[in-house]
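Asker: Protein chains in written order, with the working numbering: chain Z, 28 to 279; chain U, 943 to 1296.
Structure in structure tokens, see below.
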Amino acid sequence: MKTVFQRPRALTDKPFHYCPGCTHGIIHRLVAEAIDDHDIIENTVGVASVGCSVFAYEYLNCDMQQSAHGRAPAVATGIKRVLPDRMVFTYQGDGDLASIGIGEIIHAAARSENITVIFVNNAIYGMTSGQMAPTSLLGQKTATSPLGRCVETNGYPIRMSEMLATLPGASYIARVSTHDAKHVLQAKKAIFKAFDVQKKQQGFAMVEVLSTCPVNWGMEPNEALTWVKDNMVPYYPLGELRTPAKEGELNA
Amino acid sequence: MAKILMKGNEAIAEGAIRAGCKAFFGYPITPQNEIPAYMAQHLPEHEGVFLQAESEVAAINMVYGAAGAGARVMTSSSSPGISLKAEGMSYIAGAELPCVIVNIVRCGPGLGGIHPAQGDYFQAVKGGGHGDYRLIVLTPGSVQEMADMAREAFYLAEKWNNPVMIMGDGILGQMMEPVEFANGPLPPVDKPWATTGAVGRPRNLINTLDIMPESFEKKNFALTEKYQRISEAEMQWEATNTEDADLVIAAYGIVARVAKTALQMARDRGLKVGLIRPKTVFPFPNPPFESAASRNIPLLVVELSAGQMVEDVRLAVNGRVPVHFQNRMGGMVPGPQEILDRILELMDQGGGQL
Chain Z
28 MKTVFQRPRA
38 LTDKPFHYCP
48 GCTHGIIHRL
58 VAEAIDDHDI
68 IENTVGVASV
78 GCSVFAYEYL
88 NCDMQQSAHG
98 RAPAVATGIK
108 RVLPDRMVFT
118 YQGDGDLASI
128 GIGEIIHAAA
138 RSENITVIFV
148 NNAIYGMTSG
158 QMAPTSLLGQ
168 KTATSPLGRC
178 VETNGYPIRM
188 SEMLATLPGA
198 SYIARVSTHD
208 AKHVLQAKKA
218 IFKAFDVQKK
228 QQGFAMVEVL
238 STCPVNWGME
248 PNEALTWVKD
258 NMVPYYPLGE
268 LRTPAKEGEL
278 NA
Chain U
943 MAKILMKGNE
953 AIAEGAIRAG
963 CKAFFGYPIT
973 PQNEIPAYMA
983 QHLPEHEGVF
993 LQAESEVAAI
1003 NMVYGAAGAG
1013 ARVMTSSSSP
1023 GISLKAEGMS
1033 YIAGAELPCV
1043 IVNIVRCGPG
1053 LGGIHPAQGD
1063 YFQAVKGGGH
1073 GDYRLIVLTP
1083 GSVQEMADMA
1093 REAFYLAEKW
1103 NNPVMIMGDG
1113 ILGQMMEPVE
1123 FANGPLPPVD
1133 KPWATTGAVG
1143 RPRNLINTLD
1153 IMPESFEKKN
1163 FALTEKYQRI
1173 SEAEMQWEAT
1183 NTEDADLVIA
1193 AYGIVARVAK
1203 TALQMARDRG
1213 LKVGLIRPKT
1223 VFPFPNPPFE
1233 SAASRNIPLL
1243 VVELSAGQMV
1253 EDVRLAVNGR
1263 VPVHFQNRMG
1273 GMVPGPQEIL
1283 DRILELMDQG
1293 GGQL
């Protein structure tokens, strides 16, 4: 019988611990598929961050390092600099990457560190039970913005992809979403490409993946997907913000 | 091999390169700037990686990544920078990764000043970062020792899979002395746990997280047991004229140099003064202090701090003999006469029977 669907080699058989309706599982699978499609599982070192996805190392079936909160791009830099022919990626949430680790990600991009960053943005701190993130939308109610995020107190949510895309060192920057099957397939392509950029030694590549947190958003899973489409996508527009320069040219 | 005139900071860097250091990640801070500058110039000549990080925090996490990937790696900084690295040091110790961290100590607290001090003893020896962990801490007393201890630091780090700190001070880092590099590179060490890509083996994981108390407690006890074995195996000290002494000075680093001159001045006056110079402060060398206590010899601890190593000396002698203390702070260093005056004061008081 022909196999039409199976677990990627790059995923372990451990069941995901993620909450019902959380899209981390989908995104893990997309990363694993990209690793399989590039056939790099034995040549890849991943870096897990702090947050719900700290346990990414339980699921992604390659060599992994778990890093301190926000420091994954620095840890990945250390690995890549001493093992330049290995594929190195980080998997980070928005609290990790856009808040406590904003320095590390900006400088990894500025150096055009030849790594792949998977940035999962669900506009909230999930693991610590729903605090406001730097990416939380205006008006969004969280444990630490109970009346809704307001400009006067909390300022504006950060568009990381747009910000990093201003850096010449950022070779590939894309924002994708997971709110329906069509967008999941687009996300798959972007993640594949972000590894491809590294494979071709074209420099820093990041895919921002819009994601859900139904439990901390206080929504049903379906409602959460709709919320991504109706509220996150308008503030965080999808698409490729930067693609690598042509061979022999520097990034603009 | 001929001796070379070098700054202490350069001697550490050259010693590290010769030992086989292959990666350096650091951030500018005085008074250790010669180390990254030397590494930037010379490490690439030896197929090594030099990278100036965007912060102390990033630098220590780059060390974590590179150490986890199996590289012989180091960083250096000075006191305020070491505070920033403390989080990373806790992770590195927890993940049991070998690396070398240099602290060319300046005075604090806060931004303090750029002059020499020993106020980071507690931070280096008792923790600094969170959780139960230990650094192995080496305290050089000369430029030659800075070169030698750079090599030894990598040896110990790889022997115990533990971060090792070389704790110098602003004078040792900046002063020049003749130095000889007699030893070759350390032999390569097998690191089967390193994340180098899982070719023909199960995947490797470098991790410090364990949310199950039952298993994490086992990890804590295993670390504790390792630190105990390190304590038994790796104590180092230099004892000078302690056999017949009526008073023994205890000092490390640059202060021990001054104390040695004071000791000679005292001996010239017929006063039997000895010196214990710890070369490791974790593990703390208890035996020479126990020996002094068992012979009822009082101690004078001299430090560039408000009184930090003196606590370990008091623990070592456990109340059996008086432990006196003399200090300067804020970047000030006692001269030999100042220490001699204290020796005279103490010995006059007690007439050798303090």
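For each residue, glycine too, the CB sits at the ideal point set by N, CA and C.
Grouping DSSP H, G and I as helix and E and B as strand, with all else coil, what is Leu237 of chain Z?
Answerer: Reduced to three states, the DSSP call for Leu237 of chain Z is strand.
Asker: Consult DSSP for Tyr118 of chain Z and reduce its assignment to one of helix, strand or coil.
Answerer: Correct three-state label for Tyr118 of chain Z: strand.
Asker: Taking the alpha-carbon positions, what's the Ser1020 of chain U to Asp63 of chain Z distance?
Answerer: Approximately 45 angstroms between the Cα atoms of the pair.
Asker: Cβ closer than 8 angstroms: which chain Z residues qualify as neighbours of Met1004 of chain U?
Answerer: Those within 8 angstroms of Met1004 of chain U in chain Z are Ala101, Val102, Thr104, Gly105 and Arg108.
Asker: Please classify Gln1295 of chain U: is it buried, with 16 or more other beta-carbons within 10 angstroms of its beta-carbon, or exposed?
Answerer: Since pLDDT at Gln1295 of chain U reaches only 48, below the 50 mark, its modelled position is unreliable, and no value is offered.
Asker: Contact criterion: CB-CB distance below 8 angstroms. Does Gly1294 of chain U meet it with respect to chain Z?
Answerer: Residue confidence for Gly1294 of chain U is low, a pLDDT of 46 falling below 50, so the modelled location carries little weight and cannot support an answer.
Asker: Measure the CB-CB distance between Gly1023 of chain U and Glu998 of chain U and report whether it falls below 8 angstroms.
Answerer: Yes. Within cutoff.
Asker: Taking the Cβ atom as the reference point for each residue, do Asp121 of chain Z and Ala75 of chain Z lie within a distance shorter than 8 angstroms?
Answerer: Against a cut-off of 8 angstroms, the Cβ pair of Ala75 of chain Z and Asp121 of chain Z comes out as no contact.
Asker: What is the residue span of the beta strand (DSSP E) that Tyr199 of chain Z lies within?
Answerer: Its beta strand (DSSP E) spans residues Ala197 to Ser204.
Asker: Take the Cβ of Glu1167 of chain U as the centre, count every other Cβ of all protein chains shown within 10 Å, and call the residue buried at 16 or more, exposed below.
Answerer: By the neighbour-count rule (16 or more Cβ atoms within 10 Å), Glu1167 of chain U is not buried but exposed.
Asker: Expressed to the nearest angstrom, what Euclidean distance is found between the alpha-carbon atoms of Leu1241 of chain U and Leu993 of chain U?
Answerer: Those two C-alpha atoms are separated by around 45 angstroms.
Asker: Rounding to the nearest angstrom, what Cα-Cα distance links Phe1123 of chain U and Gln1065 of chain U in this structure?
Answerer: For Phe1123 of chain U and Gln1065 of chain U, the distance between alpha carbons rounds to 30 angstroms.
Asker: Can you give me the start and stop residues for the alpha helix (DSSP H) that Asp1210 of chain U sits inside?
Answerer: Its alpha helix (DSSP H) spans residues Ile1196 to Asp1210.
Asker: Between Val1015 of chain U and the ligand SAM, is the CB less than 7 angstroms from at least one heavy atom?
Answerer: Of the ligands one can find in the structure shown there are none, so the ligand SAM has no counterpart to examine.
Asker: State the CB to CB distance for the pair Thr205 of chain Z and Ile54 of chain Z, rounded to an integer number of angstroms; the pair is presumed to be in contact (CB under 8 angstroms).
Answerer: About 6 angstroms; that satisfies the 8 angstroms criterion.
Asker: Could you list which residues in chain U have their beta carbon closer than 8 angstroms to that of Asn70 of chain Z, in chain order?
Answerer: The contacting residues are Gly1139 and Val1141.
Asker: Residues of the region 957-978 of chain U in Cβ contact with chain Z at a cutoff of 9 angstroms, in chain order, please.
Answerer: Hits within the stretch, in order: Lys964, Ala965 and Phe967.
Asker: Could you tell me which residues DSSP puts in a beta bridge with Asp1111 of chain U?
Answerer: The partner list for Asp1111 of chain U (beta bridge, DSSP) reads U:Val1047.
Asker: What residues of chain B sit near Ala1099 of chain U, judged by a beta carbon separation below 9 angstroms?
Answerer: You won't find chain B in this structure, because its protein chains are Z and U.
Asker: Could you name the residues that DSSP lists as bridge partners for Met1058 of chain U?
Answerer: Inspection of the sequence shows that residue 1058 of chain U is occupied by Pro rather than by Met. The partner list for Pro1058 of chain U (beta bridge, DSSP) reads U:Arg1048.
Asker: Taking 8 angstroms as the limit between beta carbons, can you name the residues of its chain near Gly1083 of chain U, skipping five residues before and five after?
Answerer: Same-chain partners within the cutoff: Leu1114, Glu1180, Tyr1194, Gly1195, Ile1196, Ala1198, Arg1199, Arg1219 and Lys1221.
Asker: Touch check for the region 1051-1062 of chain U and the region 255-267 of chain Z: three-plus C-beta pairs under 8 angstroms?
Answerer: No: the two stretches stay apart, fewer than three of their Cβ pairs being nearer than 8 angstroms.
Asker: In chain order, what residues of the same chain lie with their CB nearer than 6 angstroms to the CB of Thr1150 of chain U, ignoring the 5 residues before and after it?
Answerer: Within the same chain, Thr1150 of chain U has close Cβ partners Tyr1033, Gly1036 and Ala1037.
Asker: If the cut is a Cβ gap below 8 angstroms, which residues of chain Z does Val991 of chain U touch?
Answerer: Within chain Z, the residues near Val991 of chain U are Arg108 and Val109.
Asker: Would you kindly check if the distance between the Cβ of Val144 of chain Z and the Cβ of Ile106 of chain Z is under 8 angstroms?
Answerer: Their beta carbons are not under 8 angstroms apart, which means Ile106 of chain Z does not touch Val144 of chain Z by this criterion.
Asker: Shortest alpha-carbon distance to Trp1135 of chain U belongs to which of Z:Asn88, Z:Gln92 and Z:Leu191?
Answerer: When each option's Cα is compared against that of Trp1135 of chain U, the closest is Z:Gln92.
Asker: What separation, rounded to the nearest whole angstrom, lies between the Cα atoms of Arg1076 of chain U and Leu1165 of chain U?
Answerer: Each residue's alpha carbon lies about 9 angstroms from the other.
Asker: So, for Glu85 of chain Z: in the same chain, excluding its five sequence neighbours on each side, which residues have a beta-carbon less than 6 angstroms away from its beta-carbon?
Answerer: For Glu85 of chain Z, where only same-chain residues beyond five positions count, the Cβ hits under 6 angstroms are Lys41.
Asker: Buried or exposed for Arg1284 of chain U, please, with buried defined as at least 16 other CB atoms from any protein chain shown within 10 angstroms of its CB.
Answerer: Classification of Arg1284 of chain U: buried, given that the 10 Å Cβ count is 16 or more.
Asker: If you count every other CB in all the chains shown that lies within 10 Å of the CB of Glu996 of chain U, and 16 or more means buried, which is it?
Answerer: The residue in question, Glu996 of chain U, is buried, as its Cβ has 16 or more Cβ neighbours within 10 Å.
Asker: Can you check which of these residues, U:Ile1043, U:Glu1100 and U:Leu1039, is closest to Ser1025 of chain U by C-alpha distance?
Answerer: It is U:Ile1043.
Asker: With DSSP collapsed to three states, give me the class of Gln1279 of chain U.
Answerer: Note: Gln1279 of chain U maps to helix in three-state DSSP.
Asker: Since Ser126 of chain Z contacts Ala160 of chain Z with CB under 8 angstroms, what's their CB separation in whole angstroms?
Answerer: The Cβ separation is near 7 angstroms, so the contact holds.
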